[in-house]
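>
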Ligand SMILES: Nc1ncnc2c1ncn2[C@@H]1O[C@H](COP(=O)(O)OP(=O)(O)OP(=O)(O)O)[C@@H](O)[C@H]1O
Ligand code: SF4
Ligand SMILES: [Mg+2]
């Protein structure tokens, strides 16, 4: 959305304009800049078709999450950090969308915003056939059990004051998943399924290793029988040997429970292993998204190409030319003009510095935003 610009037309009135106090003028400007951004919805809303709603558990259109970073004299935001800026995606029932990108590109904010843990700035979200865009807290609570999250850090995400059994059964009791007298048996069976011995029920999280704690987090998320889980770097804090066990567990449970995942990671090898499709984020925007094999065999966006060039290949005879990006990631509070990647892109052209490329589909389910490809 464009900021309001001042009227620069010269006055034709014979009366000289009244001189305003500089303090009042500045305060007025700041106030105007801070006017709520209702018009951030700067596109035509096109609801998904019935077919699309049937196919996808999650459809996100033009999602934005801006964090205020500067306020005016009366506390209204005048500058935003655009952590998620115009992201659209869809996840079919029972499938996994991997999200990759460098640290700070907005992966976690995207996950949290679409789960309703952060209020969104703009955009639409459709979940399990319903438009949940304008759901308030109470309505979100009715679908909360269907959308769960597994966080990166299994140490800080478990309350040390509760036993393992207490942690996992809390959601089961709140959402009345099974009758009250069956909760313990239900939780113990799930613990076993997640590789935790049932006798751990009465023990506390501090007694467990990182891998076991992550199993507790997985059991807690799945105990309420969700349909969709955001896995935010679920194995990054774990040893490589434990990573494989946790990934296999997530996969098995996905098949058993027909779960859909959004799998966030900065590790492309892991994402390739677990995902049906992959979205690549840069500075708050989705720059490319497509089926996993197409992204890995035929990456379109120069940023995706550079990320993939850093992934080690198992065959030492197959040499890869590593694409080293120049410079560091710009601040999302002050993103570059035009294509946000232009300050680091090895293929940058003049147009890239001025005009943002259109994010559009080039082959079935494979979209990209780059001036190297036709824009119309
Ligand atoms: N609550 C917040 N308030 C203000 N800025 C925030 C907030 N949360 C995140 N940010 C900023 O938003 C941007 C995106 O952060 P986010 O945590 O989503 O990135 P990420 O891709 O998950 O990074 P990482 O790979 O390190 O986890 C960053 O610049 C971050 O500083
Ligand atoms: S639009 Fe231009 S700067 Fe951006 S990725 Fe494509 S070629 Fe590079
Ligand atoms: Mg993160």
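Numbering (this note's numbering), first residue to last: 15 to 390.
Even glycine gets a Cβ: it sits at the ideal position worked out from N, Cα and C.
1) Can you check whether the CB of residue 119 is closer than 9 Å to the CB of residue 343?
2) Indicate whether residue 238 and residue 112 have their beta-carbon atoms separated by less than 9 Å.
3) In this structure, how does DSSP classify residue 141 when only helix, strand and coil are distinguished?
4) So residue 132 is in the alpha helix (DSSP H); what residue range does that whole segment cover?
5) Rounded to a whole number of angstroms, what is the C-alpha to C-alpha distance between residue 207 and residue 96?
6) Which residues mark the beginning and the end of the beta strand (DSSP E) in which residue 162 is found?
7) Quick one, what's near ligand 3 if you take every residue whose CB is closer than 7 Å to any heavy atom, in chain order?
8) Just to confirm before moving on: does the CB-CB distance between residue 256 and residue 125 stay below 9 Å?
9) For a test of your reading of the model: does the CB of residue 231 fall under 8 Å from any non-hydrogen atom of ligand 2? Yes or no.
10) Buried or exposed, going by whether 16 or more other CB atoms sit within 10 Å of the CB of residue 156?
11) Taking the C-alpha atoms as reference points, what is the distance between residue 319 and residue 301?
12) Would you kindly check if the distance between the Cβ of residue 252 and the Cβ of residue 225 is under 9 Å?
13) Kindly examine ligand 1 and report whether one of its heavy atoms sits closer than 8 Å to the Cβ of residue 377.
14) Any idea if residue 327 is buried or exposed, counting beta-carbon neighbours within 10 angstroms, 16 or more meaning buried?
15) With residue 276 as the anchor, note down where its beta strand (DSSP E) starts and where it stops.
16) Taking the alpha helix (DSSP H) that residue 378 belongs to, which residues open and close that run?
17) I'd like the list of long-range same chain contacts for residue 143, defined as Cβ closer than 6 Å, with 5 residues on each side in sequence excluded.
18) Using the three-state DSSP reduction, which class does residue 231 fall into: helix, strand or coil?
19) Give every residue of the same chain whose Cβ lies closer than 6 Å to the Cβ of residue 189, excluding the five residues on either side of it in the sequence, and list them in chain order.
20) Between residue 163 and residue 183, how many whole angstroms is the CB-CB distance? I'm expecting something under 8 Å.
21) Measuring from the CB of residue 196, is there a heavy atom of ligand 5 at a distance below 8 Å?
22) Which partner residues does residue 96 have in the DSSP bridge list?
23) Specify, as a first and last residue, the run of the alpha helix (DSSP H) that residue 188 falls within.
24) Could you please give the first and the last residue of the uninterrupted alpha helix (DSSP H) stretch that includes residue 110?
25) CB-CB under 7 Å to residue 297, same chain, minus the five flanking residues each way: which ones, in chain order?
26) For the candidate residues 241, 178, 221, 187, whose alpha-carbon lies nearest to that of residue 215?
27) Taking only the alpha-carbon atoms, compute the straight-line gap between residue 366 and residue 218 and give it to the nearest angstrom.
28) Ignore the nearest five residues each way along the sequence and tell me which others in residue 39's own chain have a CB closer than 8 Å to its CB.
29) Report, in whole angstroms, the separation of the C-beta atoms of residue 290 and residue 306, which I expect to be a contact under 8 Å.
30) Using the three-state DSSP reduction, which class does residue 247 fall into: helix, strand or coil?
31) Measuring only the C-alpha atoms, how far is residue 371 from residue 383?
32) Which parts of the stretch 287-335 are runs of the alpha helix (DSSP H), unbroken and 4 residues or longer, counting only runs that do not cross its ends?
33) Ligand 2 heavy atoms versus the CB of residue 365: any closer than 8 Å?
34) What did DSSP end up calling residue 122 once you bin it into helix, strand or coil?
35) Using a threshold of 9 Å, state whether the C-beta atoms of residue 317 and residue 294 are closer than that.
To lay it out plainly:
1) One-based indexing of the chain shown puts residue 343 at position 329. One-based indexing of the chain shown puts residue 119 at position 105. Cβ distance < 9 Å, so residue 343 and residue 119 count as in contact.
2) As a working note, residue 238 is residue 224 in the chain shown. As a working note, residue 112 is residue 98 in the chain shown. In this structure, residue 112 does not lie closer than 9 Å to residue 238 by Cβ.
3) Residue 141 sits at position 127 when you count from the first residue of the chain shown. Residue state, collapsed to three classes: strand.
4) The count along the chain shown starts at 1 and reaches residue 132 at position 118. Here residue 132 belongs to no alpha helix (DSSP H), and DSSP marks it neither H nor E.
5) Looking up residue 207 in the chain shown gives position 193. Looking up residue 96 in the chain shown gives position 82. Spanning the two alpha carbons is a distance of roughly 41 Å.
6) Indexing the chain shown from 1 puts residue 162 at position 148. Note, residue 162: beta strand (DSSP E), 161-164.
7) 121, 122, 166, 246, 247, 278
8) Within the chain shown, the letter at position 242 stands for residue 256. Within the chain shown, the letter at position 111 stands for residue 125. No, these two residues do not count as a Cβ contact at 9 Å.
9) Here residue 231 corresponds to residue number 217 of the chain shown, with the count starting at 1. No, the beta carbon of residue 231 sits no closer than 8 Å to any heavy atom of ligand 2.
10) For the purposes of this step, residue 156 is taken as the residue at position 142 of the chain shown. Residue burial annotation: residue 156 is exposed, with fewer than 16 other C-beta atoms found within 10 angstroms of its C-beta.
11) Reading the chain shown from its first residue, position 305 is the one you call residue 319. Reading the chain shown from its first residue, position 287 is the one you call residue 301. Each residue's alpha carbon lies about 12 Å from the other.
12) Working through the chain shown from its first residue, we reach residue 225 at position 211. Working through the chain shown from its first residue, we reach residue 252 at position 238. Yes, they are a contact pair.
13) Numbered from its first residue, the chain shown carries residue 377 at position 363. Because no heavy atom of ligand 1 lies under 8 Å away, the Cβ of residue 377 does not count as near it: no.
14) Working through the chain shown from its first residue, we reach residue 327 at position 313. The residue is exposed, with fewer than 16 neighbouring Cβ atoms inside 10 Å.
15) Translated into positions along the chain shown, residue 276 becomes position 262. Run containing residue 276: 274-278, per the beta strand (DSSP E) assignment.
16) Residue 378 sits at position 364 when you count from the first residue of the chain shown. In the DSSP annotation of this structure, residue 378 is not part of any alpha helix (DSSP H), being labelled neither H nor E.
17) Residue 143 sits at position 129 when you count from the first residue of the chain shown. For residue 143, where only same-chain residues beyond five positions count, the Cβ hits under 6 Å are 67.
18) Working through the chain shown from its first residue, we reach residue 231 at position 217. Helix.
19) Residue mapping note: residue 189 aligns to position 175 of the chain shown, counting from 1. For residue 189, where only same-chain residues beyond five positions count, the Cβ hits under 6 Å are 159, 238.
20) In the chain shown, the residue the question calls residue 163 occupies position 149. In the chain shown, the residue the question calls residue 183 occupies position 169. 18 Å between Cβ atoms; not a contact.
21) With respect to ligand 5, the structure shown offers nothing to examine, as its ligands consist of ligand 1, ligand 2 and ligand 3.
22) In the chain shown, counting from the first residue as 1, residue 96 sits at position 82. Answer is 80, bridged to residue 96.
23) For the purposes of this step, residue 188 is taken as residue 174 along the chain shown, with counting starting at 1. For residue 188, the uninterrupted alpha helix (DSSP H) segment begins and ends at 178-188.
24) Residue mapping note: residue 110 aligns to position 96 of the chain shown, counting from 1. Where residue 110 is concerned, there is no enclosing alpha helix (DSSP H), although the beta strand (DSSP E) it sits in stretches over 110-114.
25) To locate residue 297, count along the chain shown from 1; it is residue 283. Result list for residue 297: 119, 343, 344, 346, 349, 354, in chain order.
26) Within the chain shown, numbered from 1, the residue matching residue 215 stands at position 201. Closest option to residue 215, Cα to Cα, is 178.
27) Position 352 of the chain shown, counted from the start, is the residue given in the question as residue 366. Position 204 of the chain shown, counted from the start, is the residue given in the question as residue 218. Put simply, the backbone Cα of residue 366 is about 54 Å away from that of residue 218.
28) Walking along the chain shown from the start, residue 39 turns up at place 25. Bear in mind that a pLDDT of 46 at residue 39, under 50, signals an unreliable position, so the number given afterwards is only what the model happens to contain. Answer for residue 39: no residue qualifies.
29) In the chain shown, the residue the question calls residue 290 occupies position 276. In the chain shown, the residue the question calls residue 306 occupies position 292. With a Cβ gap of about 6 Å, residue 290 and residue 306 count as contacting.
30) For this step, residue 247 is matched to residue 233 along the chain shown. Coil.
31) For the purposes of this step, residue 371 is taken as the residue at position 357 of the chain shown. For the purposes of this step, residue 383 is taken as the residue at position 369 of the chain shown. C-alpha separation (whole angstroms): 5 Å.
32) Fully enclosed alpha helix (DSSP H) runs of 4 or longer: 306-311, 316-323.
33) By one-based count along the chain shown, residue 365 stands at place 351. Yes - ligand 2 has a heavy atom lying nearer than 8 Å to the Cβ of residue 365.
34) The sequence position of residue 122 within the chain shown is 108, counting from 1. If DSSP states are grouped into helix, strand and coil, residue 122 belongs with the helices.
35) Here residue 317 refers to the residue found at position 303 when the chain shown is read from its first residue. Here residue 294 refers to the residue found at position 280 when the chain shown is read from its first residue. Note that the C-beta distance between residue 317 and residue 294 is below 9 Å.
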